Structures are given as structure tokens and as C-alpha cells.
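K.L.:
The structure is given below, and queries will be raised subsequently.
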Amino acid sequence: MGAIFFYIFIYFVGYYGSNILNMFTVRPLVTNRFIAALIPVFCVAMLHGYMIVTKPPPASQDVTVESALFTYVLMPVIIVTLGAFYFMWNSRRAEEEEAEEAARRAAEDGNDDEDSEDEQKASGAAVTGESTEDTTDDEKKSRDA
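Here is the structure:
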């Protein structure tokens, strides 16, 4: 259980490290932080696996090298990788939904602008009209003169 948390921590260090790197550069160097954060995870996993293979297992535990590699390296890396792909897929879907929402709002705003222009034209015609019910005879005479 501790190995999973260790690799998740390494993943977040890589994720936020790439974010900080993008902040310091003029243009973003890392375009996909979800995948870029897996690079430190895989590097640490290779070093961790190398240490498990080259060192003898603890004498107090009856553990084989294969089971240690699976339990402490392979399984946590697979879980972190699947999580990274899931969050990448989920954020892309959210970005697409936001883009569709923005396009829909822009289309509605465009329709609202056209409606308001039509209303302004109609109200402008009513204001400049020759006679209205509220005008008196004196106002009509002064306008005609």
C-alpha cells in the first residue's frame, strides 16, 4: 500500500514540476502534463526494480524477487498510469464540453444581438413616425411648420 502512495507522490511531483517549468518558459514546453508526469514515475520504477533485483530480500520475509517486483513496482506503476490516462481523458472531455458551451453561448449572443438590433430599428421607426396618439394638435402644428 505504501508503494502506491509513493508512486502517486512521484507522479504529482512530476505533474506540478512540469507546470512550474511551463510557467518559467515563454511558451509551454510540456503540452501534455499528464503523460510528462509519468516519466519520473517510470524512472523511479526502473531504479526501484533494479534495487529489488540486485539486493537480497530481507531475511525475515519469505518473498521472492518476482513477487516483490510485482507488488512494489509493477502494480503501483500500472495503477498510476491508468489513473493518469483516466484524468487525461476526463480533462479532454471537460475541455470539449466547455468549448461546445462557449460556442453555444456565442451563437445565442449573436442571436440576441440581431434581436436587439431589430428592436432598436422598430423603436426608432416609432419615435420618428409622423403621428402618435399622445401628441397634441399644437405639437403637430409646430412640427409641420
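For our numbering, count along the sequence shown from 1 and bump the result up by 5.
The beta carbon of each residue, even a glycine, is placed where N, CA and C say it ideally should be.
In this text, all values refer to a predicted model and were calculated from it rather than measured experimentally.
1) For I15 and A112, I'd like the C-alpha separation in whole angstroms.
2) Could you compute how far the alpha carbon of R51 sits from the alpha carbon of S23?
3) Spatial neighbours of I84 within its chain, please: C-beta separation below 7 Å, excluding the five flanking residues on both sides.
4) Taking only three categories from DSSP, how would you classify A64?
5) Among the candidates A42, W94 and H53, whose CA atom is the shortest distance from the CA of L4?
6) Relative to the alpha-carbon of M93, which residue among S65, F39, V31 and C48 has its alpha-carbon at the smallest distance?
7) Looking at the structure shown, is M6 part of a helix, part of a strand, or coil, going by DSSP?
8) Between the C-alpha atoms of I13 and V35, what's the straight-line distance to the nearest angstrom?
9) By the 10 Å Cβ neighbour count, where 16 or more other Cβ atoms means buried, how is A41 classified, buried or exposed?
10) Between the Cα of I57 and those of V46, G7, S72 and P45, spot the shortest distance and give me the residue it belongs to.
11) Would you kindly work out how many angstroms separate the C-alpha atoms of F17 and N116, rounded to a whole number?
P.N.:
Once the coordinates are examined:
1) Indexing the sequence shown from 1 puts residue 15 at position 10. Indexing the sequence shown from 1 puts residue 112 at position 107. Cα to Cα, I15 sits roughly 44 Å from A112.
2) Stepping through the sequence shown from its first residue, residue 51 is reached at position 46. Stepping through the sequence shown from its first residue, residue 23 is reached at position 18. According to the sequence as given, residue 51 is Met; it is not Arg. Roughly 21 Å separates the two Cα atoms.
3) In the sequence shown, residue 84 corresponds to position 79, counting from 1. The beta carbon of I84 is closer than 7 Å to those of I9 in its chain, skipping five residues each way along the sequence.
4) Sequence index remark: in the sequence shown, residue 64 carries index 59 (1-based). In the structure shown, A64 sits in coil (DSSP, three-state: anything other than H, G, I, E or B).
5) Lying before the first or after the last residue shown, residue 4 is absent from the chain, which here runs from 6 to 150.
6) As a working note, residue 93 is residue 88 in the sequence shown. That would be F39, whose Cα lies nearest to the Cα of M93.
7) Within the sequence shown, numbered from 1, the residue matching residue 6 stands at position 1. Looking at M6 - three-state DSSP - the assignment turns out to be coil, as it is neither helix nor strand.
8) Start at 1 with the first residue of the sequence shown, and residue 13 comes out as number 8. Start at 1 with the first residue of the sequence shown, and residue 35 comes out as number 30. Their Cα atoms are separated by approximately 20 Å.
9) Residue 41 sits at position 36 when you count from the first residue of the sequence shown. When all chains shown are included, A41 counts as buried.
10) Along the sequence shown, read from residue 1 onward, the residue named residue 57 stands at position 52. Comparing Cα-Cα distances from I57 to each of V46, G7, S72 and P45, the minimum goes to S72.
11) Taking the sequence shown and counting its residues from 1, one reaches residue 17 at position 12. Taking the sequence shown and counting its residues from 1, one reaches residue 116 at position 111. About 44 Å.
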